[in-house]
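Mapping to our numbering: the sequence shown position 492 is 1059, numbers consecutive. The beta-carbon is built from N, C-alpha and C at its ideal position, and this holds for glycine as well. Below: one structure, written as structure tokens.
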Amino acid sequence: MSSRKRDMPTVIAERETTRTRAKTALDAGTILEGVLEALGDTDPSSPEARALVLDHLRVALKAARQAAEAELIATHKGTRCAQAICAAQDEIVRAAHLWATSYVFPHHPPSRSEALAIAAVGGYGRGTLAPGSDIDLLFILPEKQTPWGESVTEFVLYMLWDLGQKVGHAVRSVEDSIRMARSDMTVRTATLESRFLTGDKALFNRMRTRFEDEIVASTGPQFIAAKMAERDARHEAQGNTRYVVEPNIKDGKGGLRDLNTLYWIGKYFYRVGTAAELIGKGVFSRAEYRLFVRAEDFLWAVRCNLHFLLKRADDRLTFEIQQEMAERLGYAGRAGMLGVERFMKRYFLVAKDVGDLTRIFCTSLEFTHAKRVSGFGRVSARLGANRTVIRGETDFVLEHGRITVARPEVFEDNPVNLLRIFQVAGREGVMFHPDALKKITRSMRLIDARLRASPEANACFLDILTSPESVERVLRRMNESGVLGRFVPEFGKIVALMQFNMYHHYTVDEHLIRAVGVMADIENGKLRDDLPLTYELLPHLSDVRLVYVALFLHDIAKGRPQDHSVAGEAIARKFCPRLGLSPAETDTVAWLVRHHLVMSEIAQSRDIQDPETARSFAEIVQSPQRLALLMILTACDIKAVGPGVWTGWKGSLLRALYYATEPLLSGGHSQVSQRDRVRDAQEALKTALSDWPRDGLEDYLKRHYTNYWLRAEPELQVAHARMIERARARSSAFAGSIAIKSFESITEVSFYTPDHPRLLSLIAGACTMSEASIIGAQIFSTRDGHALDTFRLRRAFATDEDEKLRANRIIETVRALLEGRKYLPADLGHGSRYNKRLQPFSVPTEIIISNSLSRKFTVIEISGLDRTGLLFHLTRVLSDLNLTIGSAHIGTYGEKAVDVFYVTDLTGGKIVSSTRQRRIREALEAVFAAGANEKARR
């Protein structure tokens, strides 16, 4: 016992000579002293001693992480937390190594061939670790592996594995390390980040010296090109935008990996050890470096908190965790914004800052790469070289094909040039030189009230906004540079603003830019198949510019306490005169902003074939020109919400509403009559079914009511026809069909069966039994008493085969339910996996019962928090109340369900009794209350 205690000063002295990290509460020497004290006379190399070491390490690591988490919660300092976790991990590795070399495999003095050094690489090598991060280690040998080195390596690794850590490791000689770093960019990056932990430091230094001299010194441009290509590929894999509402904080655009890329290239190319040294290299100003530090600290705070909350490694900031994360970081709700929305806005602003910094840095290096580079990777700049004059421009030139300022005073002399440089870049179709980006960023103070009031500046901006060839690209660059938010302060308020819901895929500013981009695509001749009506309407618009302006403004008042459509109208009336629009043009844009949601709401939640629907919509629109403008704006708005949100079905609903309304506004002189549209649809179906006998085809066409030809898209009509024909050939009264829509991430399941008062409820129940989320439905009846229903289900499986299996299971379940071979349980839908996704959200329940929206039906509009099984429970309640559903309009907007039913009583009359209406309302509210109780219980 005493002899081992006398050995400890030697052990501690060895640890101190290899120590490279800042002090931490966890200390390898202290841990081992405690182990020795507890061992007594037990042999230190015994299994019992190893178990005791493991226990002490486990307790110490747990205590260190708890201390790091407590400090993170108290201070919100993310970098400090990541460094503290890393420092604790250093001591764990050192303690395992020292115990192995001092007591288990002592070898004093080791020969030169038996030296061993352990280095941290990867993220661990940078000196920062998240709680769930992998531990990447490099065991460095002088030459080949020896039995002693292999034993020590195995002991250290098995100790770490037994602690439950995810350890990535490599064992290489110095020569192997250099050879592999030369040929493998991943190994080269890891070696660049290597940091000595313990063992033979001279061996580590020899490897680093050779790496610097033999590889880094002569391969700067190659490394830059590889890292930038790697960055671009990673961005593409993550959706190539930083404004997705569930971002990946590590690999997403604007995340930690972008900062890592900056660090790698800076260290490699400029031969610096820290980001702070980039100030001296002229890459960053001091303000930009402070921005770098703040961004890094915030992202580390989010990542560390995320790992602590989930108790595992996961870098995707999903809806389920965002609210708890906001509370943990101290973001409370304010007027018009939830706490979680304030937190996410902060996140996206930081991601934007990271994008600004990495773009300036990496683009600068891209240009450096194109110039002469000395052997040490330093730039020999030729400021006057490779410049091209832009015709008609004296303030801007092209350098290496990218636009930049002709002289340093361009913006100071005329601040309008801060807008004009974007105008010229768009017109010429060129990208920005990094020097121009830096100059723009550092000239933001020039965008003041005087510039905002300048007719020349506003005319320039209107030209940018209405130039279809370049508008989306230029607006995005203006936004990323900060110019757009400064020039249009109302837009600046919604930059990085996230709406905490599952419907919108992007931040508000990104959505507005994408919406404008969709309009540009239409003008450029794209999207003709997706938005056919827009091409028919475009030539008849009096001024296409008004659509661009309205799209730019339609959501600009989001995040305010008042209704954003009303507030947006007020902003439009103030902003449009700035752009030089006339009072009449201003009035049109303001009207479009005020009513930009109306057409989609009516199209998706009302029976379009009911004359009252078109009549009430016409009263709002009042003119054919406004109808055309609103149609185009609505299509662009929906398509810009996110991938798969726009569907052919939604397009058909909008077109049906347009065609039903236009004759009321144009005195009956519609360009395409309803009769013509029915005829065209039937002729298209005849062409698609040219293999059918003519008599049989004519009989089939007579089965359908007019609304079927107007509402069902052509592709669906063909699928329905073939499904019904298969049923006829089998002499079957029931048929089902499946269509996998990969692009929209939905699966369509259609049913043909004799009509049944509870059919809708049975189908919804069958979907619920298969945990299928219904996001839309089309309900039709045929003249021969059959129902023809198509349900659109959210995709759940990666492969089409699995989707088809689930869909076939639903079809067979519906058949069994109709035949009485199976029954639906009353508690169907509770505890579903999909419901867990909705846990963070709260949607008020609203039930509207109206007899004024239809001449024949009572319209029941139900909105509230969606959940698996909701449609089943709602339709079952309606059936239990002896209501006949004439048509149903099922809509899902992220977490919000909006279901509208056109119903009558059993005699075909409206529900006029207030007592019965109250009973209907209470029964439907009880459905949502049951869901809320289940949510609270979980």
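Cβ distance (whole Å) where residue i is taken to contact residue j below 8 Å
i, j, result
"LYS912", "ALA1063", "5 Å"
"ARG739", "LEU708", "7 Å"
"ASP1174", "SER1421", "7 Å"
"ARG746", "ASN815", "Their Cβ separation, rounded to whole angstroms, is 34 Å, which puts ARG746 and ASN815 out of contact at 8 Å."
"ARG1350", "TYR1469", "In fact, because the Cβ distance is near 19 Å, the residues do not count as touching under 8 Å."
"ASP1097", "TRP1276", "Not a contact, Cβ separation roughly 21 Å."
"LEU730", "LEU665", "With a Cβ gap of about 16 Å, LEU730 and LEU665 do not count as contacting."
"LEU1013", "PRO982", "4 Å"
"GLY821", "PRO1022", "Not a contact, Cβ separation roughly 36 Å."
"ALA1344", "LEU1384", "Contact doesn't hold; Cβ gap of about 17 Å is too wide."
Burial state of residue i (16 or more Cβ within 10 Å)
i, result
"SER1430", "buried"
"VAL956", "exposed"
"ARG693", "buried"
"GLN889", "buried"
"THR695", "buried"
"PRO698", "buried"
"GLU1250", "exposed"
"HIS1107", "exposed"
"GLN1171", "buried"
"PRO1191", "buried"
"ASP767", "buried"
"ASN984", "buried"
"ARG1434", "buried"
"LYS878", "exposed"
"PHE1364", "exposed"
"THR1033", "buried"
"ALA1496", "exposed"
Residue span of the alpha helix (DSSP H) that contains residue i, given as start and end
i, result
"TYR830", "823-836"
"TYR856", "853-877"
"ILE659", "645-666"
"ARG969", "Taken as a continuous stretch (DSSP letters only), ARG969 belongs to no alpha helix (DSSP H), being part of the beta strand (DSSP E) at 969-972."
"GLU1023", "1022-1032"
"LYS794", "787-804"
"ALA1296", "1281-1296"
"VAL977", "977-980"
Among the options, the one whose alpha carbon lies nearest that of residue i
i, options, result
"VAL620", "ARG647, SER1257, ILE659 and ALA641", "ILE659"
"LEU823", "PHE865, SER1337, ALA1251 and MET726", "PHE865"
"ALA1255", "GLU891, ASP1351 and VAL1285", "VAL1285"
"GLU813", "THR961, ALA918, ALA605 and GLU1379", "ALA918"
"SER1203", "PHE1184, SER718 and TYR1102", "One detail in the question is off: residue 1203 reads as Cys in this sequence, not Ser. Residue TYR1102 is the option with its Cα nearest to CYS1203."
"TRP1216", "MET1290, LEU1164, ARG1359 and GLY1084", "ARG1359"
"GLN712", "ALA684, TYR691 and ASP701", "ALA684"
"VAL719", "SER1219, GLY731, ALA1455 and PHE706", "PHE706"
"PHE928", "GLY968, GLU908 and PHE836", "PHE836"
"ILE1415", "GLU966, LEU1432, ILE1378 and GLN1484", "GLN1484"
"CYS1143", "ALA1026, MET774, ALA854 and LEU1329", "ALA1026"
"GLU1168", "GLU781, LEU1395 and LEU1224", "LEU1224"
"ASP1356", "GLU1338, ALA1331 and LEU1450", "ALA1331"
"TYR1115", "LEU1094, ARG895 and VAL1156", "VAL1156"
"ILE1123", "HIS736, HIS1078 and LEU603", "HIS1078"
"THR1459", "LYS834, THR1471, VAL1410 and GLU1492", "VAL1410"
First through last residue of the beta strand (DSSP E) which encompasses residue i
i, result
"PHE763", "762-766"
"HIS1456", "1451-1460"
"TYR1073", "From DSSP, TYR1073 is part of no beta strand (DSSP E); its letter is neither H nor E."
"TYR1563", "Since the displayed the chain opens at 568 and closes at 1505, residue 1563 lies outside it and no answer follows."
"ALA1578", "Residue 1578 lies beyond the residue range present for the chain, which begins at 568 and ends at 1505; the question has no answer from this structure."
"LYS1463", "1463-1471"
"GLN1345", "1341-1348"
"ALA1302", "1302-1308"
"VAL956", "954-956"
Residue i beta carbon near the ligand ADP (any heavy atom closer than 7 Å)
i, result
"LEU1148", "Looking for the ligand ADP in the displayed structure turns up nothing, as the structure carries no ligands at all."
For the stretch 1173-1226, which segments carrying the alpha helix (DSSP H) assignment without a break, of at least 4 residues, lie completely within its bounds, in sequence order? Here the runs fully enclosed are 1178-1188 and 1191-1206.
Report the start-end ranges of each alpha helix (DSSP H) in the stretch 699-733 that is 4 residues or longer and not cut off at the edges. Entirely contained in the stretch 699-733, the alpha helix (DSSP H) runs reaching 4 residues are, in chain order, 714-729.
Which residue spans inside the stretch 1360-1448 form an unbroken beta strand (DSSP E) run of at least 3? Runs of the beta strand (DSSP E) inside the stretch 1360-1448: 1413-1417 and 1425-1432.
Continuous alpha helix (DSSP H) assignments of at least 4 residues falling wholly in the stretch 1246-1274: Annotation note: the stretch 1246-1274 contains the following uninterrupted alpha helix (DSSP H) runs of length 4 or greater, listed N- to C-terminal: 1261-1268.
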